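Protein chains in written order, with our numbering: chain A, 124 to 250; chain B, 124 to 250.
Heads up, the beta-carbon is just placed ideally off N, CA and C, and yes, glycines get one too.
Keep in mind it's a predicted model, so treat the numbers as computed, not measured.
Protein chains: 2
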Amino acid sequence: MTQITPSAAPAHEGGAACPMDYILRMLMGPWTTYIVYNLRTYGPQRFGELKRRVAGISAKMLTERLRTLEGAGLIKRDYEATIPPKVTYSLTPRGHELDEVLEKLAEVAIRWQSEDRANKGAELKAA
Amino acid sequence: MTQITPSAAPAHEGGAACPMDYILRMLMGPWTTYIVYNLRTYGPQRFGELKRRVAGISAKMLTERLRTLEGAGLIKRDYEATIPPKVTYSLTPRGHELDEVLEKLAEVAIRWQSEDRANKGAELKAA
DNA sequence: CTCGACAGTTACGATTTGGTACCTACTGGT
DNA sequence: ACCAGTAGGTACCAAATCGTAACTGTCGAG
């Protein structure tokens, strides 16, 4: 995974900053938010479905991300030992708490995007 | 920087997911949130001050992160060509929009942390 | 009888990353 | 005279990361 907090101690001075480390370490994986986003938008999905949806991710990465998210308790893995095996991933309640944050983030992102578009338009007009 | 969206097309199906890419690409840098957090908590700071505060970061990383954040318009760099030079970094209004999100995130992070502590305690008691 | 799908795992290899050490140029302290 | 600090830049190198390709085992389809 991406190394967020380095080998050296992350410092605890702030106090409030520390819990963030944990949460950020997960969200920061390359595809993580994409996966959570998909799980939340399209509901529980199977491995192959998810892989097709996230388009571009390798099976390896997807597996790794899913394991990480599962380990963090954000998603649930339902394995049915049928032949062929059926594995369904879904967000846990804890996972859903996260998309509150993602929504806020998206809100800001969208605002910035439209602001940038507006500025660009204004600049072009002024020039 | 950490590669969030891979070489392959990030897919635009969702529509709402795309602006996030931009914003996440920044936040996901190793120390990024730490820096923003410090800037917001302790106010505008000079390079060395920040470096001491973030404790463990190398000058190289700090410089790189600050440049990225500056380029994204999240922080402002005030260079006074005194001897010795004095460079002060501060959050821009746009940067402050972000810490709304960080607060929400911290909120969740703190909740999880206390939940985990509670669970741990319960488990120990049950055992 | 061979091929594809399912849900992965493993090995290998290239790229990227981030740390360390060393450099700038100037000043103030001892 | 020499060292520390200010704000970095640069080169090199080890380590981590991520993609690709090949493998697991069983089933149904062709």
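Which residues DSSP lists as bridging residue i, in chain order
{"i": "R200 (chain B)", "result": "B:Y212"}
Residue i - containing alpha helix (DSSP H), residue span
{"i": "G166 (chain B)", "result": "That residue, G166 (chain B), is in no alpha helix (DSSP H); it is neither H nor E in DSSP."}
{"i": "A182 (chain A)", "result": "A182 to G194"}
{"i": "G171 (chain B)", "result": "F170 to V177"}
Interface partners of residue i on chain A, CB under 8 angstroms
{"i": "L221 (chain B)", "result": "V231"}
{"i": "L185 (chain B)", "result": "The contacting residues do not exist; L185 (chain B) stays about 12 angstroms from chain A at best."}
{"i": "V210 (chain B)", "result": "Correct list: empty, because the minimum Cβ distance to chain A is about 22 angstroms."}
Distance between beta carbons of residue j and residue i, contact taken as under 8 angstroms
{"i": "I198 (chain B)", "j": "L189 (chain B)", "result": "7 angstroms"}
{"i": "T191 (chain A)", "j": "M149 (chain A)", "result": "6 angstroms"}
{"i": "E220 (chain B)", "j": "V231 (chain A)", "result": "5 angstroms"}
{"i": "L228 (chain B)", "j": "M143 (chain A)", "result": "6 angstroms"}
{"i": "V224 (chain A)", "j": "V224 (chain B)", "result": "7 angstroms"}
Cβ neighbours of residue i in the same chain (closer than 6 angstroms, five flanking residues each side left out)
{"i": "Y157 (chain B)", "result": "V177"}
{"i": "L247 (chain B)", "result": "none"}
{"i": "W235 (chain A)", "result": "none"}
{"i": "K243 (chain A)", "result": "none"}
{"i": "V159 (chain A)", "result": "none"}
{"i": "E193 (chain B)", "result": "R200"}
{"i": "F170 (chain A)", "result": "V210"}
{"i": "S237 (chain A)", "result": "none"}
Sequence-distant residues of the same chain with beta carbon closer than 8 angstroms to residue i, five excluded per side
{"i": "L162 (chain A)", "result": "Q168, L173, I198, Y212, S213, L214 and G218"}
{"i": "A249 (chain A)", "result": "none"}
{"i": "P208 (chain A)", "result": "Y202"}
{"i": "T155 (chain A)", "result": "M149, R188, T191 and L192"}
{"i": "G166 (chain B)", "result": "S213"}
Neighbouring residues, chain A, relative to residue i (Cβ below 7 angstroms)
{"i": "T156 (chain B)", "result": "M143 and L147"}
{"i": "K227 (chain B)", "result": "E223, V224 and K227"}
Own chain partners of residue i with C-beta closer than 7 angstroms, once the 5 adjacent residues on each side are dropped
{"i": "G196 (chain A)", "result": "T215 and R217"}
{"i": "D222 (chain B)", "result": "V159 and R163"}
Any non-hydrogen atom of the ligand COA within 6 angstroms of residue i CB
{"i": "D239 (chain A)", "result": "As presented, the structure is devoid of all ligands, the ligand COA included, so that no description of it is given."}
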